[in-house]
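The listed protein sequences derive, respectively, from chains A and B. Once you know that position 299 of the first sequence is 299 in this note's numbering, the rest is easy, because the numbers rise by one and skip nothing. Once you know that position 334 of the second sequence is 679 in this note's numbering, the rest is easy, because the numbers rise by one and skip nothing. Positions of the beta carbon are idealized from the N, C-alpha and C atoms, including for glycine. If you're wondering where the values come from, they're calculated on a predicted model, not measured in any experiment. Down below is the structure, laid out as structure tokens.
Protein chains: 2
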Amino acid sequence: MSLTYRTAGVDIERKETALRRLRDKIARTKRPEVIGDIGAFGGLFHLAGSDAVLVATTDGVGTKVEIARMLNRHEIVGTDLVHLCVNDALAMGAEPLFFLDYFSTSRLDPAIFTRVVGAMADACAAHRCALLGGETAEMPGMYVDGAYDLAGFLVGAVERERVLEPANVREGDLCIGLPSSGLHTNGYTLARAIVARTAGRRRIEVPEVLGAPRPELRGATLGDALLAVHRSYLEEVRKLRDAVRVRSIAHITGGGWEGNLPRALPAGLGAAIDRSTWTVPPVFTLLAELVEVAEVEQWRTWNMGIGLVVMVPAEDERAALRALPDAISIGRVEKATGERRVRFV
Amino acid sequence: MSLTYRTAGVDIERKETALRRLRDKIARTKRPEVIGDIGAFGGLFHLAGSDAVLVATTDGVGTKVEIARMLNRHEIVGTDLVHLCVNDALAMGAEPLFFLDYFSTSRLDPAIFTRVVGAMADACAAHRCALLGGETAEMPGMYVDGAYDLAGFLVGAVERERVLEPANVREGDLCIGLPSSGLHTNGYTLARAIVARTAGRRRIEVPEVLGAPRPELRGATLGDALLAVHRSYLEEVRKLRDAVRVRSIAHITGGGWEGNLPRALPAGLGAAIDRSTWTVPPVFTLLAELVEVAEVEQWRTWNMGIGLVVMVPAEDERAALRALPDAISIGRVEKATGERRVRFV
């Protein structure tokens, strides 16, 4: 049977439905300083007496933490947590100011804790982002043995007239894709289900599936590929904003393409994405070969090799690609009429 | 054997040691806008071009969530999460601006999720605090069945000259205590261990221990008492600041008295607290009678009836107590030489 994110245990539809029920209650908390709507990559708050708009984001690394634990590579999830929050704020046009973390587990292992939070601090320092606080919770009986969870919270700032909003985007704008380093921090429950099923079929242990060198990965292991860092796009987006007019940005995270690209587009517009413009990295094709995963399922769960999509005016294409040699012109903004707003061509 | 927080599974010392190891790494993330040191109730960030200092806090409700689950009272932990973050920001002098939440579980139950986050939204609305964003994580295999965890992030603001800092406090200042409604959100692992041991001794089930009406609680159940809301002190502190000069504030949370009161005092000063000035609420005495808990352990784990301690100049005592009829003058700031800075008299 073809495997889906839902059968693997993550039901994005169920989550969206639950959130919709809360819409009215959340709307009642709105203050005049709040800009924009629920559903953006970061919340916007225009502080009185300041030119700056604050951008607040929160996120977690999902079950990538389980792979990191299994392979004793705890640092990666600390780094990831900072990077993914930086990218979410960046999608609204913001530069990071400060970060706070929440670390919870049933029994604190000081060595692991120090490695995870130490990596967070290093990533914060590298982004000139202050690690302003954190909470460490020891909650006996709530987590399975050895498991821990992380949440990150980041506040950034952007000048009012430089906020990136979907409303800036015009039909005919170009979609510029920035390569991802792998799954980043999304779709790991599906990846873990694939690994577990592969192990079961071959009657070997999960670490063996993760630890075998793979010709498809040029001799690297699946474990290595799954623990590639969630890239921070801060430097690249800075360069791009210096060179061209950036209209909006989509961070391709949980929910894949259809779940994220439309968040950076106004109602009535979608995007035609030409999948022949880049090669899907081998970690994705390998996963989908180990256990059958329908193509549509892959694209609505994983980023498939593009971590950030930047919308720019069509006439800025050359300048954009000159500013960022790794970037790829992957598609174009178009009218969208149906429910699906990302059309693969 | 007398029960301690540590034998119940929470080792605050271990956590502090791990955090100390990270001190240098965290210090390297410091930006010029950051005010004050690690260890305050909230992080301070002075935004360029603004009179305001931002105050950022993060916290969780601990294993109170397990009692709420057992008694199907999920709303309480949503409300608590907002209140405790509001109080932490308040301890720095700040008014709340916006809040974000992180909800994680192995399998999302939409009905429970809606109740928890709905209560958060209501509490935010009641505090005129924008619910600006959130993350909902579904992480199969990480949590024990039915368990979920919550983290809250709050940003508030305070004018630069109105930041409450320990340095404001003088020897001889008074400590004004504001009553708590019970355990608030701290020491639940110890309380749960007491309940479990009581059930074991009497050969009854835990819900029976929690559900029996208690004469000591005027007929209420231990479950009710344990699920009293974590009080928000925002209104009371506003009144107090209108009436007197508030020097600093301690929010009595995890780590009890010794763990929190000194956080609001400068080095070299401590406090003499007269425990005869208020009656410890019956929920604490009942817990400590069910299973023997040493007195020193109670005071370093629970708030014992005082949720917030406000330091004011001695001459403002009458004005403070007039402004807040429920407040109690509980002690005085004094020189402290030893390691313990809270002296009970």
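Exposure label - B:Pro670; buried when at least 16 CB within 10 Å: exposed
Start-end ranges of the alpha helix (DSSP H) lying completely within the segment 428-480 of chain B, minimum 4 residues: Complete alpha helix (DSSP H) runs here, min 4: 455-471.
Distance, A:Pro207 Cα to A:Leu71 Cα: 8 Å
For B:Ser593: DSSP bridge partner residues: B:Met656
Residue(s) in a DSSP beta bridge with B:Tyr488: A:Tyr143
Interface flag, B:Ser674 vs chain A, CB-CB below 9 Å: no
Terminal residues of the beta strand (DSSP E) in which A:Gly152 lies: Here the beta strand (DSSP E) through A:Gly152 covers Tyr148 to Glu159.
Pick from A:Asp80, A:Arg170, A:Gly118 and A:Ala121 that is closest to A:Gly182, judged by C-alpha positions: Comparing Cα positions, the closest option is A:Asp80.
Touch test, the segment 159-171 of chain A against the segment 128-141 of chain A, Cβ-Cβ under 8 Å, three pairs minimum: Cβ pair count under 8 Å is below three, so no.
CB-CB length for B:Pro607 against B:Arg686, believed under 8 Å: 4 Å
A:Leu321 beta carbon less than 9 Å from that of A:Leu190: no
B:Ser449 vs A:Ala52 beta-carbon contact at 9 Å: no
Exposure label - A:Pro96; buried when at least 16 CB within 10 Å: buried
Backbone CA spacing between A:Glu339 and A:Leu100 [nearest angstrom]: 37 Å
Which residues DSSP lists as bridging A:Ile35, in chain order: A:Leu44
Interface positions of the segment 136-148 of chain A facing chain B (Cβ-Cβ less than 8 Å), listed along the chain: Thr136, Ala137, Glu138, Met139, Pro140, Gly141, Met142, Tyr143, Val144 and Ala147
Check whether B:Arg661 and B:Arg590 have beta carbons under 9 Å apart: Checking the sequence shown, residue 661 of chain B turns out to be Asp, not Arg. Yes.
Rounded C-alpha distance that separates B:Val400 from B:Ser577: The C-alpha of B:Ser577 is placed about 17 Å away from the C-alpha of B:Val400.
CB of A:Ala137 within 9 Å of CB of B:Gly486, strictly: no
Per-residue contacts from A:Val291 into chain B (C-beta, under 8 Å): Correct list: empty, because the minimum Cβ distance to chain B is about 16 Å.
Any 3 or more C-beta pairs closer than 8 Å across the segment 85-93 of chain A and the segment 233-241 of chain A: yes
Whole-number beta carbon distance between A:Ala68 and A:Leu373, since they are thought to touch under 8 Å: Nothing can be reported for residue 373 of chain A, as the shown portion of chain A is limited to 1 through 345.
C-beta contact flag for A:Glu75 and A:Gly118 at 9 Å: At the C-beta level, A:Glu75 and A:Gly118 come within 9 Å of one another.
Coil, strand or helix - A:Arg203 by DSSP: coil
Cβ pair count under 8 Å reaching 3, the segment 26-34 of chain A against the segment 465-475 of chain B: yes
8 Å contact criterion, which A:Tyr148 and A:Val229 should meet: CB distance rounded: About 19 Å separates the two Cβ atoms, so there is no contact after all.
Rounded C-alpha distance that separates A:Thr285 from A:Asp224: 15 Å
Of the residues B:Arg537, B:Gly652 and B:Thr459, the one placed nearest A:Ala18, counting alpha carbons only: Of B:Arg537, B:Gly652 and B:Thr459, the residue nearest in Cα terms is B:Thr459.
Contact with chain A by B:Gly601, beta-carbon distance below 9 Å: no
Strand pairing of A:Ile306, partner residues [DSSP]: A:Pro179
CB-CB length for A:Gly307 against A:His184, believed under 8 Å: 6 Å
A:Gly219 - partner residues in DSSP beta bridges: Per DSSP, none; premise fails for A:Gly219.
Nearest-angstrom beta carbon gap, A:Thr277 and A:Gly84 [assumed within contact, 8 Å]: In the sequence as presented, Gly is not what sits at residue 84 of chain A; that position holds Leu. A Cβ-Cβ separation of about 25 Å leaves A:Leu84 out of contact with A:Thr277 under the 8 Å criterion.
Given A:Asn168 as reference, the closest of A:Val312, A:Pro215, A:Ala319 and A:Thr337 once Cα atoms are compared: A:Val312
Residues near B:Glu642 by beta carbon distance below 6 Å, same chain, minus five either side: Thr349
Those residues which DSSP pairs with B:Thr402 across a bridge: B:Leu499
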